[in-house]
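Novice:
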DNA sequence: TCCGAATCTAGAACGTGTTTCAATAATAGG
DNA sequence: CCTATTATTGAAACACGTTCTAGATTCGGA
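Residue numbers (our numbering), protein chains in the order written: chain A, 1 to 194; chain B, 195 to 388.
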């Protein structure tokens with residue numbers, strides 16, 4: 001799927017770096033992901049870290065992309081429970097929200113990096129966006145994978161993704177609770193999938 | 195409206211600081227708003243700047259709030275053109291998008307600060323959110339200000355605001371063009387206001 | 001007008017993201 | 001196996017947000 005270029009040793013280094021990143025983020029959030037610390041924990045020189053990832057934000061957004069990849073791989077084939085698009089989308093969002101609640105620091109780190117990213121990270125951002133829409137589309141379609149998503153479906157998926165990001169931001173910045181996230185998602189999805 | 199406390203000299207300092215912030219942001223975006231530079235240009239000591247605004251993000255989000263205040267004051271009383279809620283909302287969003295296109299650096303600076311804000315900025319963030327929903331609500335209502343907004347209206351306004359923020363982020367990070375922002379807003383508003 | 005408290009100033013200092021560089025190690029091509 | 005190229009290392013240096021300190025200055029109340 002995602003062919004990572006380079007020698008074996010290089011793939012290993014890259015993996016160690018991303019692992020260290022996730023571990024640090026999980027413990028202390030965005031601020032705890034310090035480049036010197038990541039390099040140390042990944043057994044790599046600081047310069048090497050910067051050769052692999054040109055900035056902290058690149059690093060974190062790439063890590064987010066890897067998380068989405070794994071989530072997608074896990075959901076692969078398994079049908080989403082629920083009889084209506086609304087139910088299925090809410091199920092996926094609910095599961096995701098619950099997972100994020102269990103690792104609030106990690107969520108904070110990855111979300112803030114995503115939000116803070118500037119134009120130089122657009123490629124990585126775009127990748128994450130694709131994964132997100134793929135997951136929501138999959139939920140809307142349900143088992144009925146035969147039907148090609150209409151243009152309207154695509155638009156709806158994008159809007160749901162947007163609302164979810166905003167809600168996530170509210171939660172990460174402590175303005176809303178996880179319950180409120182779920183409630184506001186429910187309202188938005190109801191408005192859109194009617 | 196917004197009673198700024200303190201002596202005259204203090205209000206003046208605060209104004210100079212925010213003016214310098216906007217000016218720097220307008221020239222060079224988020225990175226060009228450097229605290230030492232802001233302090234210099236506003237003729238205050240660095241320590242004073244930090245007494246007024248405890249962080250760069252507080253500073254920028256407060257500046258964003260002031261911009262919204264002014265936008266709201268200008269729109270005050272003037273009815274929004276358009277015969278339907280959809281038309282009126284799109285008109286407001288279109289005008290805003292155009293204004294932002296004229297000052298892309300300023301938009302980048304304020305948007306990124308808003309996105310990056312953490313829990314300590316929730317008050318300022320909340321203020322900006324209120325202004326935004328007020329503007330959208332005003333557009334939906336149009337001249338017919340008699341009708342109390344329903345609960346559904348409120349929910350719709352919030353979703354529109356969320357989508358707009360996401361679209362804005364896409365534009366700021368160079369993933370989408372201003373045209374695409376407007377187009378995706380049109381789709382979202384159509385989906386919601388039907 | 002005078003005093004004490006609050007505010008402001010100038011500047012040094014610190015932490016962390018980022019850059020740079022010389023030396024060493026690994027790797028690929030002949 | 002040798003060599004040229006490239007990658008990695010370790011460490012210093014730089015940039016900018018933030019904090020701290022010591023001494024003016026300003027301000028409000030007696």
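Every residue, glycine too, gets a C-beta built ideally from N, C-alpha and C.
Just so you know, these numbers come straight off a predicted model, no measurement behind them.
I want to know whether the stretch 94-104 of chain A touches the stretch 281-296 of chain B - three or more CB-CB distances under 8 angstroms.
Specialist: no
Novice: For residue 155 (chain A), decide whether its Cβ has a neighbour in chain B, counting only Cβ atoms nearer than 8 angstroms.
Specialist: As a working mapping, residue 155 (chain A) is identified with position 155 in the first chain. With respect to chain B, the C-beta atom of residue 155 (chain A) has a partner C-beta closer than 8 angstroms.
Novice: In chain order, what residues of the same chain have a beta carbon less than 8 angstroms from the beta carbon of residue 242 (chain B), not counting five sequence neighbours either side?
Specialist: Translated into positions along the second chain, residue 242 (chain B) becomes position 48. 207 and 233.
Novice: If distances are taken between C-alpha atoms only, which option among A:118, A:20, A:102 and A:23 comes closest to residue 172 (chain A)?
Specialist: Here the question's residue 172 (chain A) lines up with position 172 in the first chain. Nearest C-alpha to residue 172 (chain A): A:102.
Novice: Please name the residue, chosen from B:336, B:360, B:356 and B:350, that lies closest to residue 125 (chain A) on a Cα-to-Cα basis.
Specialist: Walking along the first chain from the start, residue 125 (chain A) turns up at place 125. Residue B:360 is the option with its Cα nearest to residue 125 (chain A).
Novice: Output, in chain order, the set of chain A residues within a Cβ distance shorter than 8 angstroms of residue 213 (chain B).
Specialist: In the second chain, the residue the question calls residue 213 (chain B) occupies position 19. Near residue 213 (chain B) there are no residues of chain A at all, since even the closest Cβ is about 25 angstroms away, more than 8 angstroms.
Novice: Does the Cβ of residue 201 (chain B) have 16 or more other Cβ atoms within 10 Å, making it buried, or fewer, making it exposed?
Specialist: Stepping through the second chain from its first residue, residue 201 (chain B) is reached at position 7. Residue 201 (chain B) should be labelled exposed.
Novice: Residue ranges of each alpha helix (DSSP H) run of no fewer than 4 residues wholly in the stretch 121-171 of chain A, ordered along the chain?
Specialist: 122-141
Novice: When you compare each of B:279, B:369, B:217 and B:212 to residue 128 (chain A) by their alpha carbons, which one comes out closest?
Specialist: To locate residue 128 (chain A), count along the first chain from 1; it is residue 128. The shortest C-alpha separation from residue 128 (chain A) is found at B:369.
Novice: Considering only residues of the same chain and omitting the five flanking positions on each side of residue 357 (chain B), which have a CB-CB separation below 8 angstroms?
Specialist: Walking along the second chain from the start, residue 357 (chain B) turns up at place 163. These residues qualify, in order along the chain: 378, 379 and 382.
Novice: Just how far apart, CA to CA, sit residue 337 (chain B) and residue 374 (chain B)?
Specialist: Residue mapping note: residue 337 (chain B) aligns to position 143 of the second chain, counting from 1. Residue mapping note: residue 374 (chain B) aligns to position 180 of the second chain, counting from 1. Each residue's Cα considered, the two are about 29 angstroms apart.
Novice: Considering Cα atoms alone, identify which of A:138, A:123, A:121 and A:44 is closest to residue 75 (chain A).
Specialist: The residue labelled residue 75 (chain A) in the question sits at position 75 within the first chain. When A:138, A:123, A:121 and A:44 are compared, the shortest CA-CA separation from residue 75 (chain A) is found for A:138.
Novice: Kindly list, in the order they appear in chain B, the residues whose Cβ is closer than 7 angstroms to that of residue 188 (chain A).
Specialist: As a working note, residue 188 (chain A) is residue 188 in the first chain. Per Cβ cutoff of 7 angstroms: 353.
Novice: Quick one: grab the DSSP three-state call for residue 251 (chain B).
Specialist: Taking the second chain and counting its residues from 1, the one referred to as residue 251 (chain B) is at position 57. DSSP places residue 251 (chain B) in helix when its eight states are reduced to three.
Novice: Check the C-beta distance from residue 307 (chain B) over to residue 240 (chain B) and give it rounded, since I have them as a contact under 8 angstroms.
Specialist: Your numbering for residue 307 (chain B) matches position 113 in the second chain. Your numbering for residue 240 (chain B) matches position 46 in the second chain. Not a contact, Cβ separation roughly 19 angstroms.
Novice: CB-CB under 8 angstroms to residue 177 (chain A), same chain, minus the five flanking residues each way: which ones, in chain order?
Specialist: Residue numbering aside, residue 177 (chain A) sits at position 177 when the first chain is read from its first letter. Result list for residue 177 (chain A): 171, in chain order.
Novice: Taking Cβ-Cβ distances shorter than 7 angstroms, what residues in chain B pair up with residue 168 (chain A)?
Specialist: Along the first chain, read from residue 1 onward, the residue named residue 168 (chain A) stands at position 168. Those within 7 angstroms of residue 168 (chain A) in chain B number zero; the least Cβ separation is about 10 angstroms.
Novice: What residues of chain A sit near residue 375 (chain B), judged by a beta carbon separation below 7 angstroms?
Specialist: In the second chain, residue 375 (chain B) corresponds to position 181, counting from 1. Correct list: empty, because the minimum Cβ distance to chain A is about 11 angstroms.
Novice: Between which two residues does the alpha helix (DSSP H) harbouring residue 387 (chain B) extend?
Specialist: Looking up residue 387 (chain B) in the second chain gives position 193. That residue, residue 387 (chain B), is in no alpha helix (DSSP H); it is neither H nor E in DSSP.
Novice: Just by C-beta distance, which residues in the stretch 316-336 of chain B are closer than 7 angstroms to chain A?
Specialist: 316, 319 and 320
Novice: Tell me the rounded alpha-carbon separation between residue 72 (chain A) and residue 131 (chain A).
Specialist: Against the first chain, residue 72 (chain A) aligns to sequence position 72. Against the first chain, residue 131 (chain A) aligns to sequence position 131. Rounded to the nearest whole angstrom, the CA to CA distance from residue 72 (chain A) to residue 131 (chain A) is 8 angstroms.
Novice: Compare the C-alpha of residue 251 (chain B) against each of B:388, B:350, B:317 and B:362 and name the closest.
Specialist: On the second chain, residue 251 (chain B) is found 57 positions in, with the first residue counted as 1. Closest option to residue 251 (chain B), Cα to Cα, is B:317.
Novice: Could you give the first and the last residue of the continuous alpha helix (DSSP H) run that contains residue 94 (chain A)?
Specialist: The residue you call residue 94 (chain A) lines up with position 94 of the first chain. Taken as a continuous stretch (DSSP letters only), the alpha helix (DSSP H) holding residue 94 (chain A) covers 85-102.
Novice: Indicate the three-state DSSP secondary structure (helix, strand or coil) for residue 144 (chain B) in the structure shown.
Specialist: Chain B is shown from 195 up to 388; residue 144 (chain B) falls before or after that span and cannot be answered.
Novice: Report the neighbours of residue 163 (chain A) on chain B: residues whose CB is nearer than 7 angstroms to its CB, in chain order.
Specialist: The count along the first chain starts at 1 and reaches residue 163 (chain A) at position 163. The contacting residues are 353, 356 and 357.
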